[in-house]
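Peer 1: This is the structure, below, for whatever I ask next.
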Amino acid sequence: MSNRFQFKVKQQLRQLLLSIADKLESDPSTASPVTTEKPKKRRRFRRRKKREKGQNNNILTQRVISPLQKIVSVRRSRRFWLLLGVSLGLSSGTIALGYGIYQIETSITESVEDVLVYARPETLTIEGADGEILQQIGPVSHEKLKIWQIPDTVQQAFIASEDSRFENHRGVDIQGIIRAALSNFQAGEVVEGGSTITQQLARIVFLNQERSFTRKFKEMRLAQKIENNFNKQQILERYLNLVYLGSGAYGVADAAWVHFSKPIEDLTISEAATLAGIVPAPSLYSPLENKEAAKKQRDLVLERMAKEEFITESELNNAIASPVAVNPSQPKRFARKAPYFTDYIQQQLPNYVSPEVIQAGGITVETTLNSQWQEAAEEAIENAIRYGRWQGYKQASLTAIDPRNGQIKVMVGGNDYENNQYNRVTQAKRQPGSTFKAFVYATAIAAGFSPYRTFTDAPYIVDGYRPENYGDQYSGGQVSMRQAIASSLNVVAVQTLVQVGWNPIINIAQRMGIESELKPTYSLALGAWEVNLLELTNAYATLANEGIYQEAHGISRILDRHGKVLYQAQADTLQAIDANTTNIMTWMLRGVVTSGTGTPARLGRRPVAGKTGTSDQARDLWFVGYIPQLTAGVWLGNDNNKPTWGASTTAARVWGEFMEEATENMDIESFPDLPRLDGRKGSIKAEPLKPKKAYYQRVAPPEPEPEPQARRTTRRRYARRSSTTAQRSAPPRQRTVSRPPVRSQTAAAPKPDPKPVETVEASPAPEVSNIAPPAPPAARKTE
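Below you can see the structure in the form of structure tokens.
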């Protein structure tokens with residue numbers, strides 16, 4: 001492109017030289033005398049090489065040398081040099097100017113179409129599933145208005161102040177530039193700008209505040225291009241939505257709220273003029289920064305509005321007489337909803353788009369959050385914290401997932417985000433307690449175990465490990481797995497793990513959604529290995545979805561400033577466990593809610609399945625439950641892992657309070673039918689353990705309470721009592737009743753075996769011995 005331009009310049013220079021020579025030659029005063037000498041004859045004989053060389057030089061001679069010779073042949077006069085100098089000077093300046101304009105023109109690579117979709121760098125908007133704005137980051141206009149939503153008074157104030165000939169020019173106003181220059185010269189300072197509203201819009205979208213001829217020319221050319229592509233209404237609308245008006249306000253709607261705490265339609269003439277007066281220097285003319293300067297600028301705008309006949313003389317006087325009254329409010333873009341969730345979204349964002357895309361700004365993230373359910377969850381957590389005053393815990397969290405697609409519908413990571421941004425849904429890893437038993441029994445069912453398979457409810461010791469039921473209470477009889485999970489019997493869960501094997505349990509739990517590390521230990525059955533609330537709830541959602549795992553996610557789509565989809569969530573399902581197993585497990589977990597430890601989570605006629613959980617010394621209180629359409633989990637406890645004196649039934653109650661609100665307008669759906677249990681075969685293979693030593697302790701039957709001694713009511717007794725006064729007044733005879741001593745439910749424990757517990761390879765489980773000598777007590781396992 002530059003070579004073509006240079007060729008044109010050379011061609012124009014050659015034509016200029018020839019024209020000067022012709023003019024000078026035609027002038028008698030400068031013409032050279034005519035000679036009468038005959039030209040010398042040239043030799044006809046020339047060598048071929050000379051002839052070829054002469055031909056090659058013809059082009060140079062004709063284009064450059066001949067014009068110069070023609071000029072040289074003209075008389076050297078002062079007029080010649082004057083004409084030549086002026087011509088060359090003007091031509092060189094024109095050429096240089098043209099070349100500079102050409103360079104600037106070719107440097108404008110921006111597309112004016114970006115005007116309508118422009119967003120400032122590093123801006124980000126996070127929206128809920130219903131389109132409600134949850135958070136905005138960076139210098140973004142929170143409220144964008146259509147031109148018909150902006151009052152005429154506001155439009156007129158900005159036109160009068162910034163560009164009175166807005167309707168008459170095509171992007172650049174030469175008259176306005178001259179008028180501004182004269183006004184500034186007369187005032188001795190800059191009192192009026194020459195940039196049109198269209199030029200200012202071009203500067204906002206494409207340029208910066210650099211003061212240079214190059215930037216100014218680009219601004220003017222971009223303004224002309226904008227005018228060629230958009231109408232005046234579109235230009236004014238974009239300008240009023242983007243212009244910075246001080247104190248963190250971008251756009252007239254945000255400025256009306258920041259400065260006056262009003263919607264834009266309620267602004268007075270004085271307030272509209274005040275906003276328009278901020279534009280030249282927002283830090284200087286903001287009424288929140290300098291009321292005196294703001295009033296002076298406002299009055300100037302009002303006078304211009306009157307000059308343009310936008311307001312009457314009476315309105316002018318009244319507005320000028322009014323004080324600059326402000327009522328500041330924080331910019332709406334600083335307001336946040338669901339802050340724990342939006343933090344989580346920002347952490348996930350780099351997994352889907354590059355840092356360069358985020359840096360460019362204008363990103364809109366459409367999330368899965370249900371705003372109404374979120375409010376209900378936050379209220380439930382506030383109630384939970386109040387309950388904690390009497391139960392010794394200070395923190396709580398709640399999350400909910402749609403089991404059919406993995407969408408996170410609710411996330412409350414705590415109740416005091418301003419002081420503590422620690423997200424207890426995603427960051428806190430705690431022992432899940434008995435909620436992990438769902439994976440133990442699900443693996444057993446998948447291996448072909450019947451839910452009616454029985455185990456002994458008695459103190460059980462395996463390789464030195466002694467689990468305990470809640471309160472160290474045992475029936476001493478046989479209980480089924482369904483009864484055991486409803487009553488949360490720890491010894492039965494450990495016995496089930498021994499017969500199924502920890503490797504299948506770990507595999508099933510991880511396939512269902514547990515991502516944290518799980519180690520093969522007997523305490524695995526009681527939830528000894530830490531998980532977070534999100535992954536635990538996600539794994540329970542797999543049960544609700546008939547064994548199909550959908551990874552929990554909070555982002556639905558990511559859009560750029562043009563509305564182009566950069567990322568869209570796609571269903572990536574995994575059949576983690578067979579549907580028959582999950583349907584049986586759902587039936588078993590329904591028993592937890594109808595008649596077990598989770599009864600506070602009942603929702604009237606709506607079927608609910610779930611499981612409570614409590615870690616050692618009630619440090620963690622859990623309930624995770626589900627209906628066909630929604631799975632939710634609740635955790636209560638302390639960040640410092642301090643013991644509480646609460647119970648997991650409180651977590652179930654909090655879960656129920658949230659679900660009552662969330663399901664208010666939700667249809668009641670039934671769980672799948674219970675499959676046939678007879679003759680059912682497993683979908684996985686058990687890997688029974690081979691403990692070195694496993695036995696039960698004898699459970700002493702409880703002593704019956706002694707019956708109270710019956711009172712004598714015979715006539716003989718009354719006759720004796722009334723026989724004599726002496727007998728009536730004598731002290732009663734003391735009777736000694738001997739009672740058998742109350743026997744302890746557990747025998748005295750012998751000294752512990754000094755040998756360490758060794759990990760045993762998985763193999764078919766041997767038959768567990770019957771009653772064995774008592775074992776040393778282990779750390780108490782609650783629920």
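Sequential numbering from 1 applies to the sequence shown in the numbering used here.
Glycine included, each C-beta is placed from N, C-alpha and C at the ideal position.
Source: prediction; values computed, not measured.
(1) What do you get for Asp266, buried or exposed, if any count of 16 or more other CB atoms within 10 angstroms of its CB means buried?
(2) Is Thr649 closer than 8 Å to Pro691 when the C-beta atoms are compared?
(3) With the cut-off set at 8 Å, would you say Glu382 and Asn415 are in Cβ contact?
(4) Roughly how many whole angstroms lie between the Cα atoms of Gly433 and Leu349?
(5) If you draw a straight line from the C-alpha of Glu143 to the C-alpha of Gly646, how long is it?
(6) For the alpha helix (DSSP H) holding Gly388, just list the boundary residues, first then last.
(7) Does the Cβ-Cβ distance between Gly406 and His553 come in under 8 Å?
(8) Assuming Tyr549 and Thr573 form a contact by the criterion Cβ under 8 Å, report the distance between their Cβ atoms to the nearest whole angstrom.
(9) Between which residues of its own chain and Ala293 is the CB-CB distance below 8 Å, once the five residues before and five after are set aside?
(10) Report the rounded CA-to-CA distance for Tyr352 versus Gly679, giving the unit in angstroms.
(11) First and last residue of the beta strand (DSSP E) that includes Leu621?
(12) Using 10 angstroms around the beta-carbon of Ala447, count the other beta-carbons present and answer buried if the total reaches 16, otherwise exposed.
(13) Here's the rule I'm using: 16 or more other beta-carbon atoms within 10 Å means buried, otherwise exposed. How should Leu543 be labelled?
(14) Taking all protein chains shown into account, decide if Ala486 is buried (16 or more other Cβ within 10 angstroms of its Cβ) or exposed.
(15) Suppose contacts are defined by Cβ-Cβ distances below 8 Å. Is Leu621 in contact with Ala662 by that definition?
(16) Among the residues of its own chain, which have a CB less than 8 Å from the CB of Lys332, if the five just before and after it don't count?
(17) Quick check on the DSSP output: the beta strand (DSSP E) that includes Arg466 runs from which residue to which?
(18) Whose C-beta lies closer than 7 Å to the C-beta of Thr581 among residues of the same chain, with five residues either side of it excluded?
(19) Which one or two residues does DSSP pair with Ile363 in a beta bridge?
(20) Check Gln575 in the structure and name its three-state DSSP category.
(21) If you check the beta carbons only, do Leu137 and Leu124 fall under 8 Å apart?
(22) Who are the near neighbours of His562 in its chain, counting only those whose CB is closer than 7 Å to its CB and skipping five residues on each side?
(23) According to DSSP, simplified to helix, strand and coil, what is Gly656?
(24) If we ignore side chains and look at the alpha-carbon of each, how far apart do Leu559 and Ile363 end up?
(25) Would you kindly work out how many angstroms separate the C-alpha atoms of Thr597 and Gly527, rounded to a whole number?
(26) For Tyr567, verify whether its CB is less than 7 Å away from any heavy atom of the ligand MG.
(27) Among Gln570, Ser261, Gln617, Thr426, which residue has its Cα nearest to the Cα of Gly471?
(28) I need the straight-line Cα distance from Pro688 to Leu524, nearest angstrom please.
(29) With a threshold of 7 Å on Cβ separation, who are the neighbours of Arg238 within its own chain once the five nearest residues in sequence on each side are excluded?
(30) Closer than 7 Å by C-beta to Pro139: which residues in its own chain qualify, once you throw out the five before and the five after it? Chain order, please.
(31) With DSSP as the reference, label Ser164 as helix, strand or coil.
(32) Using only the alpha-carbon positions, how far apart do Gly610 and Ser595 sit?
(33) Quick one: what's got a C-beta closer than 6 Å to Phe436's C-beta in the same chain, skipping five residues either side?
(34) Does DSSP classify Ser283 as helix, strand or coil?
(35) In angstroms with no decimal places, state the Cα-to-Cα distance between Leu790 and Met585.
(36) Have a look at Asp152, Lys409, Ser322 and flag the residue whose alpha-carbon is nearest the alpha-carbon of Tyr340.
Peer 2: Checking against the coordinates, here is how it stands:
(1) exposed
(2) no
(3) yes
(4) 32 Å
(5) 46 Å
(6) If you look at Gly388, you'll find it in the alpha helix (DSSP H) that goes 371-388.
(7) yes
(8) 7 Å
(9) Leu284, Tyr285
(10) Going by the C-alpha atoms only, they are around 48 Å apart.
(11) 620-627
(12) buried
(13) buried
(14) Result: buried.
(15) no
(16) Sequence-distant Cβ neighbours of Lys332 in its own chain, meaning closer than 8 Å and more than five residues away, are His142, Glu143, Asp254, Trp257.
(17) Per DSSP, Arg466 belongs to no beta strand (DSSP E) and is neither H nor E.
(18) Ala442, Ile445, Ala446, Gly547, Ser683
(19) Leu124
(20) Per DSSP, reduced to three states, the secondary structure at Gln575 is strand.
(21) In the sequence on display, residue 137 carries Ile and not Leu. Against a cut-off of 8 Å, the Cβ pair of Leu124 and Ile137 comes out as a contact.
(22) Val117
(23) helix
(24) 6 Å
(25) 17 Å
(26) For the structure depicted, the ligand MG is absent and the ligand set is empty, with no information on it obtainable.
(27) Gln617
(28) 15 Å
(29) For Arg238, where only same-chain residues beyond five positions count, the Cβ hits under 7 Å are Val115, Leu116, Leu201.
(30) Close CB contacts of Pro139 within its chain, under the 7 Å cut and outside five residues either way in sequence, are with Arg120, Thr123, Tyr250 (chain order).
(31) coil
(32) 12 Å
(33) Counting only residues of its own chain and dropping the five nearest sequence neighbours on each side, Phe436 has a CB closer than 6 Å to the CB of Gly527.
(34) helix
(35) Because the chain in this structure spans residues 1 to 783, residue 790 falls outside the shown range and cannot be described.
(36) Relative to the Cα of Tyr340, the nearest Cα in the group Asp152, Lys409, Ser322 belongs to Lys409.
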